[in-house]
Structures are given as structure tokens and as C-alpha cells.
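Here the structure comes first, spelled out in C-alpha cells, and everything after it is commentary.
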Amino acid sequence: MNIFILAGSNRKDATSTQICRYLEKELQARDCATVFFDLYEKPVSFYTPEGYPEGDANLTEMKKAAAAADAIILATPEYHGGMSGVLKNALDHMGGAEFDSKAVLSVSSAGGAVGVSSLQQMQVLVRNVHGINSPEWISIGGDQREFDSSGEPASVAVKERAIRALNYFLQLAGQLKKEA
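Per the UniProt record's numbering, the sequence shown starts with residue 1, numbered consecutively.
The following block contains the structure:
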């Protein structure tokens, strides 16, 4: 299975990006191919309704990888009850060509206990581009945002939650891929 991971932070080593790196390792251990796209390292042009900005190699790469994927993981830090501006901007460039009938796992990292508002926003957006939301999501907050030197969550509970959500996501992605 081919999984596209979109890390939607504009901060180096963001915890939302770190949890994505952990998920990527878990996916690769299950023989999934992954494409990791970090918006901090590869920012994309501001969206305009006039159309696709020419010459933005990052944008072209992102859209191509998302379109080729069997399933997608979206991750964001939660800022003021919402997803990051860089993630929203990146998603504004995409639509049904990238998301239609694909499983999507939403992931959030918040300074408080949980990042539910950003997760709900991502799920609404996914529905509007005809993606299929995974029944589970991942939210880490507060002290849960600690990672060890190998890049794994320091909390056993966070690891268990991430694996449970990943299992649901992969099951859904497999069912959707069979139907395609």
C-alpha cells in the first residue's frame, strides 16, 4: 500500500511532524511504501482561485504524491482551535483528484490536553474533497508530546493509541483499495 503523509507545520521538529515520522516507521515495518511531505522543509505557494501557480516544484511534487497514494495521513499542530495555516493552504491546492475515495487519517498535536477542533476541521475538509475519514484519529497534547531519542513517543499510552488508529486506518484503506 502507498501512503502519503503530509506534515502540516511551519516549525522545525514540530511534535505533529515527529508523530508522523513515528507513523511512517510503523507503516514501513508493515511493508507500506510511504511518501513523507514536510511543509516546513517544502513550503508551497499561497493558493489563489485563479489557478495553479506555475513553477512551484514543491506544489507539483505534493499534488503528484497525494494523487498517486492509496491513502493519506494529514497532521497539524493546533493553533487557536484550528489547523495550521500552511496545512490549510496546502489542502486548498488539492481536491478530488488527490482525495476521492481514499482513507484519510487525521493527526493533531496541541499545547493543551487534546487538539479536537483541528481534527474536526480536517475531517470536514476531507469530506468536502470526497476522502473517507478514518474512524479513529490521533491527538497528542501537553506531556504526551514527548519523544525519545529514537523518535518514538515516550508515552506507552500514546504509542498504543497511535497503533490502534493506524490499524483502523490501514483496514479502511485496504477495503477501499479492493473496491477501486
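No residue lacks a Cβ here, since even glycine has one placed at the ideal position from N, Cα and C.
| Item | Value |
| --- | --- |
| What are the boundary residues of the alpha helix (DSSP H) that Thr17 is part of? | Thr15 to Ala29 |
| Tell me the DSSP secondary structure of Ala157 in three-state form. | helix |
| Only counting the same chain, and skipping five residues up and downstream in sequence, which positions put a Cβ closer than 7 Å to that of Phe46? | Asn89 |
| Does Phe169 come out as helix, strand or coil in the three-state DSSP assignment? | helix |
| Please identify the residue among Phe37, Arg11 and Tyr79 whose C-alpha is closest to the C-alpha of Ile3. | Phe37 |
| Note down the Cα distance separating Gly82 from Gln175, rounded to an integer number of angstroms. | 30 Å |
| Apply the 10 Å Cβ neighbour rule to Ser106 and answer buried if 16 or more other Cβ atoms are within range, or exposed otherwise. | buried |
| Assuming Ser84 and Ser134 make a contact with CB atoms under 8 Å, what is their CB distance in whole Å? | At roughly 20 Å, the Cβ-Cβ gap does not stay under 8 Å, so Ser84 and Ser134 are not in contact. |
| Please state whether DSSP places Ser108 in a helix, a strand or coil. | strand |
| According to the neighbour-count rule (16 or more other Cβ atoms, all chains shown, within 10 Å of its Cβ), is Gly131 buried or exposed? | buried |
| Since Ala90 is in the alpha helix (DSSP H), which residue starts that stretch and which ends it? | Gly85 to Asp92 |
| Taking C-beta to C-beta, are Gly141 and Ser118 nearer than 8 Å? | no |
| If you count every other CB in all the chains shown that lies within 10 Å of the CB of Ala29, and 16 or more means buried, which is it? | exposed |
| Where DSSP assigns a beta bridge to Pro77, which residues make up the other side? | Ser109 |
| Please classify Ala7 as buried or exposed, where buried requires at least 16 other C-beta atoms within 10 Å of its C-beta. | buried |
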